[in-house]
């Protein structure tokens, strides 16, 4: 083909046809490009995969979307982009920013000049479920990274085409938390060519846990000289309402990820413990007043006697009170506090809209309300920080529940180190970046010797800079845009100083008014706050107090002191707080950290002044000269670890979108951020500990009695004695099951969720519209959960939309494995036309739960189509059926060649084919062509059962459907002809089950119930009990289907590492399997994926998302 193609191209070039303008007549050409198009939604981003059929092709390809029969390229609906394809670097896919008005069932076209070299099949374009919102709608007016579509549309079209994007080299400059998370995110999506460059001799950035006196973390002689705590929730005492602060959950989620990555090394575990923020006996700021013994009053003293506090009077007390109230009224008018708690991104947008970035508190009082300078300074000082800063800080410091990390926040970078050590260079001080116009790469420059004139240099495809602007502004840089350059040069940073003192004992815990953790502010010059350790409380041996934590202007004054003078000042303050014992207990060992004079930081945290954040944020979302800036200074909040992590996700997403890796960009967005886009996504799973349980093992038939099981993060964490699975986290839910049974969640391997209740007859059910069916399907899913089924395999009808809705938490339902549409021959079990129906049926026509195909070519095409649309396996109608109007049970359907073609497609996709069949002849044909599953099999004989065993073919009988359709209540459900066929297979079903069981065939539980019959799902247990043991039946609903679904390492058993898919019962199904039939009496609760989704038990509530309360 290649020779023919190039001869044709040479001819076209000679005629000058490749230079024809875009409106020229299209010339037909041998197919060069093939498209693989995903499900497409208008007004969104999609990766479209492309295959080049000539491996030697090189040239410029133009991509557009338009009518499938367009005659000139000017008739296109819109252009997608163009790319010069190099012979050795064919792109794998391109990004299609599908516009909101993209027409349905048009085609993608590829052109080489005016020559058409590729056209897709008609593309189904679905309307968006809701209007697409950009980041300006849902988060921040200047931050378009959540959606990404506005960012991509601003690029030149050709830049969106992906060419070996995952081989891109990335320099990550700065080994703080944003740089470390960036490396992890890149690694997680298959970009491995990254390198961290860190100026200091350690990673972690401003995380700075100092272990005094060269002690180990487990000796608890440390203090946090950088960040030290995480706000968790606020409980309002008046209403007992508890609201969880959402944004800092990202830190806890990161710790979970790191713990899983380091599960083989417990020394690297990141474990959270309570942090005590407020304590009654910490020192208080009293304006110089002292107790009779000369010591500083405590917070409890002040609470008992407010006269202990001295505050200088203002020149006008009324005006000062009015100004304070006016500020409060302004900042609470739109109730921003609950917004910050629930969704910081939306709160940030609201703050922009309400002008909270236009004013500092002082500026608002002076220039908006007109208070004089004296009153303004008395109430608000002269700080130039925008109101937003004090609003979110006020919310965080209103938290009533806090956490810190056991053995120090240094545990976070320590947990990262094994995964970055081989790709990290320490002690390399970057001094500049330079862009190579020829190569299109960014060079990172440094000097090994500060005095060398010419720097060392290394080129990368991208540089992700997490170093603070307080250091970057000294670098030699490319000519960035004016806005970004000004941000780098002028962004303000705050200063802070901390001093920690090591004492011989934890004497503060043993004084008359003992202190057990907590922070207090004092009125001593240059001291600020004093914080007592929340870890190792009541421990023995030495202890460390953060004896001074001061920021802003006072911090600059103490930073100028000599170290000796500063430490002495702090020790004297401890004596004023505790008395002479503080001096007696001091060991002489200390740590001092003043961040503004730290050579690697030059500031404690970003503190934008009025006008800076609102102005500069847009600059961070643009990639200039292959450089992306991240770090807490580029986020919406500052000074918190969350801020750094948030920026890493945004920056990595920005990089992936630059590379055209949209799928990967969507993949890395963490749950808390995904919930901004998909608000229905649930909270992380609760942690449960069930004690005094009887655990059923379907493998061995054993019952593990009086044991405990811990469920965490949707997985079974541990099983053992109650003490062995203990958990000190107060958020863990502990329940004594008092001897109740825990069984693996049940699996039904043959359902039809789309065949919904609501119709009395089969004909009425088939006449239901797809919309009616879709709206009723959630009810079917919930009823299955109520019966204990946590996983189902849908053998025709349920689509990818339902599966994803369950996965994402839009609706509750069992885990769903789908066949999409079952493939049927013309006139087969999936053809709903009556014998006298003369209407022709087109190839691939969807007919209810089936799709009509004929011939090998169509079998190949539409089997692939089912895989493309999300099918987990392929189902075929290999024989006649009960409900079909124009075939007979004994009919064998499909030829060998057709079945073989479908099996080939399934095998190539890494899945399998299952076949609807009843007779030995049809079963044997299916097995001979590689089918791995048999549905029904009621007329099975002994020889065929043996053949199934020899070929490891799994049988899924569905006896309950025939029995229910033949029951007096539902004999009118089937038309007479179908009722006769039903009786034909009904009485043979148990015999077939017994034959298969004796032959050792693997058997799955199935039901195949339609319409109003779904209620009978659990009655299959009782029917099978006449020929199978309780253990065999339970295995058919747990471990055997797990193997069929290729989930046998995740589902079907209660062992550590498996999914928390459980049923809690008050009776043992291994003694009487029919207790599962009587679910209303015996199934107390159904837990799927670690969430309680059905419960009849008063001790266990169904999980729901609480709404914030309104006064």
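In mature numbering (1 follows the signal peptide of the UniProt record, and there is no 0), the protein residues as written are -23 to -1, 1 to 1088.
We put the CB at the ideal spot given by N, CA and C, even for glycine.
For a test of the three-state rule: what should DSSP assign to residue i, helix, strand or coil?
i	result
residue 31	coil
residue 498	strand
residue 602	coil
residue 582	strand
residue 92	strand
residue 984	coil
residue 925	helix
residue 783	helix
residue 1027	coil
residue 505	strand
residue 1037	coil
residue 512	coil
residue 3	Below a pLDDT of 50, predicted positions are generally treated as unreliable, and residue 3, at 44, falls in that range; no measurement from the model is reported.
residue -4	Caution applies to residue -4, whose pLDDT of 29 falls short of 50 and renders its modelled position unreliable; the model cannot decide the point.
residue 48	coil
residue 483	coil
residue 842	helix
residue 201	strand
residue 812	coil
residue 168	coil
residue 156	helix
Taking the straight line between their C-alpha atoms, what separation do you get for residue i and residue j?
i	j	result
residue 471	residue 724	58 Å
residue -6	residue 97	Caution applies to residue -6, whose pLDDT of 28 falls short of 50 and renders its modelled position unreliable; the value that the coordinates give is listed next. Roughly 22 Å separates the two Cα atoms.
residue 797	residue 28	26 Å
residue 919	residue 989	34 Å
residue 225	residue 619	5 Å
residue 334	residue 315	19 Å
residue 1096	residue 786	Because the chain here runs from -23 to 1088, residue 1096 falls outside it and cannot be looked at.
residue 549	residue 574	24 Å
residue 144	residue 236	28 Å
residue 403	residue 173	8 Å
residue 387	residue 584	24 Å
residue 275	residue 257	7 Å
residue 1065	residue 694	15 Å
residue 80	residue 802	32 Å
residue 378	residue 209	5 Å
residue 494	residue 1014	53 Å
Tell me whether the beta-carbon of residue i lies closer than 8 Å to the beta-carbon of residue j.
i	j	result
residue 166	residue 636	no
residue 605	residue 628	yes
residue 863	residue 804	yes
residue 231	residue 692	no
residue 762	residue 1070	yes
residue 722	residue 767	yes
residue 356	residue 297	yes
residue 845	residue 824	no
residue 578	residue 445	yes
residue 337	residue 360	yes
residue 813	residue 987	no
Would you please state the rounded distance, in angstroms, between the beta carbons of residue i and residue j? I believe it to be under 8 Å.
i	j	result
residue 731	residue 754	6 Å
residue 1010	residue 1040	About 14 Å separates the two Cβ atoms, so there is no contact after all.
residue 180	residue 421	At roughly 17 Å, the Cβ-Cβ gap does not stay under 8 Å, so residue 180 and residue 421 are not in contact.
residue 23	residue 17	6 Å
residue 854	residue 893	5 Å
residue 159	residue 507	At roughly 36 Å, the Cβ-Cβ gap does not stay under 8 Å, so residue 159 and residue 507 are not in contact.
residue 463	residue 520	47 Å between Cβ atoms; not a contact.
residue 710	residue 670	Actually they do not touch by this definition, with Cβ atoms about 14 Å apart.
### Query
Fully enclosed by the region 339 to 385, which alpha helix (DSSP H) runs are 4 residues long or longer?
350 to 357, 364 to 373
### Query
If you scan the region 208 to 270 from start to end, which runs of the beta strand (DSSP E) of 3 or more residues do you find wholly inside it?
218 to 221, 249 to 251
### Query
Taking only runs of the beta strand (DSSP E) that begin and end inside the region 846 to 924, which ones reach a length of at least 3 residues, in chain order?
851 to 854, 890 to 894, 910 to 913
#### Entry: Those runs of the beta strand (DSSP E) which lie wholly inside the region 422 to 456 and span at least 3 residues
433 to 437, 439 to 442
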